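*Asks:* Here the sequence shown is numbered in my numbering, starting from 331 and rising by one per residue.
If you scroll down you'll find the structure; I have some questions about it.
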Amino acid sequence: MKWIITYLTSSIGKKQIMGCTGAFLALFIFGHMCGNFQLLNFDQASAQASYNAYTEFLTGFNPLHFPVKMIYLVELVLVAAFALHIFLAVKLKIENKKARGGIEYEVNTRKGKKTFATFTMIWSGLFILGFLIQHLMMLKFGEHYLYLNDKGEIVRDMWLTTIQMFANPGWAAFYVVSMFVIGLHLFHAISSAFQTMGIAHQKWTPIIDLAGIVYSVVVALGFGITAVASYYLANQPETQALIEKSRSLQPQLEQQKAKADKAAFVIPSVGEVQVSFNIEK
Ligand code: HEM
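Structure, rendered in structure tokens:
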């Protein structure tokens, strides 16, 4: 038990945990970027269908029929990884500053020079935290629209929430800037993570550095292109008409969903009994 505490409180332990949580987050980001490519479709009615099917699949995925949906477990791990990553980053920053007697400088030991990304690591990280708060408030916990899919089910219209946000030039520009910052953060994070893991090799280090650059550029460009293209597509007359149509269908879909939810209401202890309530005001 003592060795765990020693490891967790050591500088190298903290850096390695930061590296592992960062690697997990980097993998999530890549998958998320690929999923969002479904917005890139000139036929936005198909984009609406496929994007909603994709987000419905992610939120409903539970092949082993766990009592708790898989997405909640994934979200728990994501939040824990983010929280640990940020906490350790700030803690290391404070400890490093103290060790240098309060002098603010950072040196990339491998290259022996200060880099823009190294210097801005903590600030780009805090910016990403701000971006994430906006991102989740606006999309995940944002306006909840409904959509009737081709199986006749009423699901969340995540496409409508997302495309309406990107129709706004201010939000589209904010995303492009955020993606640049995320790229910068990832670029430095990858090479420094491998360095702290003790992988500094004449042959492998330049390859890892290159892979880090490629990954950061791909992710920043992938998300950035999605934001710019979504802005363009969202402002096309056909998409605007589809947005209007989808919005006008909301009262009807809400009624249909309320009816379907009422019909499917089952008392577990009684079994498959359908009940309905007449609530009088
Ligand atoms: C063009 C850029 C992006 C688009 C269109 C986009 C879209 C979305 C949407 C629609 C959701 C809600 C999904 C749902 O609740 O079903 C979401 C969730 C999320 N996004 Fe993004 N995203 C983008 C960029 C990013 C970036 C760069 C990050 C990370 C730095 C990120 C991290 C997250 C996280 C952590 C969640 C919550 C996942 C969950 O609860 O399962 N997103 N995103």
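All C-beta atoms in this analysis are idealised placements derived from N, C-alpha and C, irrespective of residue type, glycine included.
Fair warning: this is a prediction, and the values are worked out from it, not measured in the lab.
Say yes only if the C-beta of LEU466 is nearer than 8 angstroms to one or more non-hydrogen atoms of ligand 1, and no if none qualify.
*Replies:* The count along the sequence shown starts at 1 and reaches residue 466 at position 136. Under cutoff, so the answer is yes.
*Asks:* Could you tell me which residues DSSP pairs with ILE484 in its beta bridges?
*Replies:* One-based indexing of the sequence shown puts residue 484 at position 154. Bridge partners of ILE484: LEU478.
*Asks:* Is any non-hydrogen atom of ligand 1 found closer than 8 angstroms to the C-beta of PHE457, if you look at the structure I gave you?
*Replies:* Numbered from its first residue, the sequence shown carries residue 457 at position 127. No, since every heavy atom of ligand 1 falls outside the 8 angstroms radius drawn around the Cβ of PHE457.
*Asks:* If you draw a straight line from the alpha carbon of GLN586 to that of LEU476, how long is it in whole angstroms?
*Replies:* Within the sequence shown, residue 586 is the residue found at index 256, counting from 1. Within the sequence shown, residue 476 is the residue found at index 146, counting from 1. Whole-angstrom Cα-Cα distance: 10 angstroms.
*Asks:* Classify GLU473 as helix, strand or coil using the three-state DSSP reduction.
*Replies:* As a first step, residue 473 must be located in the sequence shown, where it is residue number 143. Note: GLU473 maps to coil in three-state DSSP.
*Asks:* What whole-angstrom Cβ distance do THR535 and LEU369 have, given they're in contact under 8 angstroms?
*Replies:* What you label residue 535 is simply residue 205 of the sequence shown in a count that begins at 1. What you label residue 369 is simply residue 39 of the sequence shown in a count that begins at 1. Between LEU369 and THR535 the Cβ distance is about 37 angstroms, and since that is not below 8 angstroms, they are no contact.
*Asks:* How would you call LEU406, buried or exposed, if buried means at least 16 neighbouring beta carbons within 10 angstroms?
*Replies:* The residue labelled residue 406 in the question sits at position 76 within the sequence shown. Around the beta-carbon of LEU406, fewer than 16 other beta-carbon atoms lie within 10 Å, marking it exposed.
*Asks:* Closest by CA to THR626, which one among LYS399, LYS423, PHE461, HIS465?
*Replies:* Any question about residue 626 goes unanswered here, given that the chain covers just 331 to 611.
*Asks:* When you compare only the Cα positions, how much space is there between VAL511 and PHE461?
*Replies:* Working through the sequence shown from its first residue, we reach residue 511 at position 181. Working through the sequence shown from its first residue, we reach residue 461 at position 131. When rounded, the distance between both Cα atoms is 10 angstroms.
*Asks:* Is the beta carbon of ASN498 within less than 8 angstroms of some heavy atom of ligand 1?
*Replies:* Within the sequence shown, the letter at position 168 stands for residue 498. No, the Cβ of ASN498 stays beyond 8 angstroms of every heavy atom of ligand 1.
*Asks:* Could you please give the first and the last residue of the uninterrupted alpha helix (DSSP H) stretch that includes LYS423?
*Replies:* Within the sequence shown, numbered from 1, the residue matching residue 423 stands at position 93. 400–429 is the span of the alpha helix (DSSP H), which, as asked, contains LYS423.
*Asks:* Just checking my contact of LEU478 with LEU572 at CB under 8 angstroms: how many whole Å lie between their CB atoms?
*Replies:* Counting from one through the sequence shown, the residue named residue 478 turns up at place 148. Counting from one through the sequence shown, the residue named residue 572 turns up at place 242. Incorrect: roughly 14 angstroms between the Cβ atoms, too far for contact.
*Asks:* For VAL485, which of ASP591, THR339, PHE354 has the nearest alpha-carbon?
*Replies:* Position 155 of the sequence shown, counted from the first residue, corresponds to residue 485. The shortest C-alpha separation from VAL485 is found at ASP591.
*Asks:* Do you know how far the Cα of GLN570 is from the Cα of ALA375?
*Replies:* Numbered from its first residue, the sequence shown carries residue 375 at position 45. Numbered from its first residue, the sequence shown carries residue 570 at position 240. Using only the alpha carbons, I get a separation of about 11 angstroms.
*Asks:* Helix, strand or coil for ASP373 per DSSP?
*Replies:* Translated into the one-based positions of the sequence shown, residue 373 becomes position 43. Three-state DSSP puts ASP373 in coil, outside helix and strand.
*Asks:* Can you give me the C-alpha to C-alpha distance between VAL409 and LEU357, rounded to a whole angstrom?
*Replies:* If you number the sequence shown from 1, residue 409 lands on position 79. If you number the sequence shown from 1, residue 357 lands on position 27. Whole-angstrom Cα-Cα distance: 14 angstroms.
*Asks:* Does the Cβ of ALA564 have 16 or more other Cβ atoms within 10 Å, making it buried, or fewer, making it exposed?
*Replies:* Here the question's residue 564 lines up with position 234 in the sequence shown. By the neighbour-count rule (16 or more Cβ atoms within 10 Å), ALA564 is buried.
*Asks:* How many Å lie between ASP487 and ALA411 at the Cα?
*Replies:* On the sequence shown, residue 487 is found 157 positions in, with the first residue counted as 1. On the sequence shown, residue 411 is found 81 positions in, with the first residue counted as 1. In a straight line, the C-alpha of ASP487 is about 28 angstroms away from that of ALA411.
*Asks:* Can you give me the Cβ contacts of ALA502 inside the same chain, cut-off strictly under 8 angstroms, excluding the 5 residues immediately before and after it?
*Replies:* Within the sequence shown, the letter at position 172 stands for residue 502. Around ALA502: PHE496, ALA557, VAL558, SER560, TYR561.
*Asks:* At a cut-off of 8 angstroms, would you count TYR505 as near ligand 1, judging by its Cβ distance to the nearest heavy atom?
*Replies:* By one-based count along the sequence shown, residue 505 stands at place 175. True, at least one ligand heavy atom lies under 8 angstroms from that Cβ.
*Asks:* Considering just the uninterrupted stretch of the alpha helix (DSSP H) at LYS332, what are its terminal residues?
*Replies:* Taking the sequence shown and counting its residues from 1, the one referred to as residue 332 is at position 2. First-last of the alpha helix (DSSP H) with LYS332: 332–339.
*Asks:* Would MET509 pass as a contact of VAL548 if the rule is Cβ separation under 9 angstroms?
*Replies:* Within the sequence shown, the letter at position 179 stands for residue 509. Within the sequence shown, the letter at position 218 stands for residue 548. No, these two residues do not count as a Cβ contact at 9 angstroms.
*Asks:* Applying the 10 Å Cβ sphere with the 16-neighbour rule, what's the burial state of THR339?
*Replies:* Residue mapping note: residue 339 aligns to position 9 of the sequence shown, counting from 1. By the neighbour-count rule (16 or more Cβ atoms within 10 Å), THR339 is not buried but exposed.
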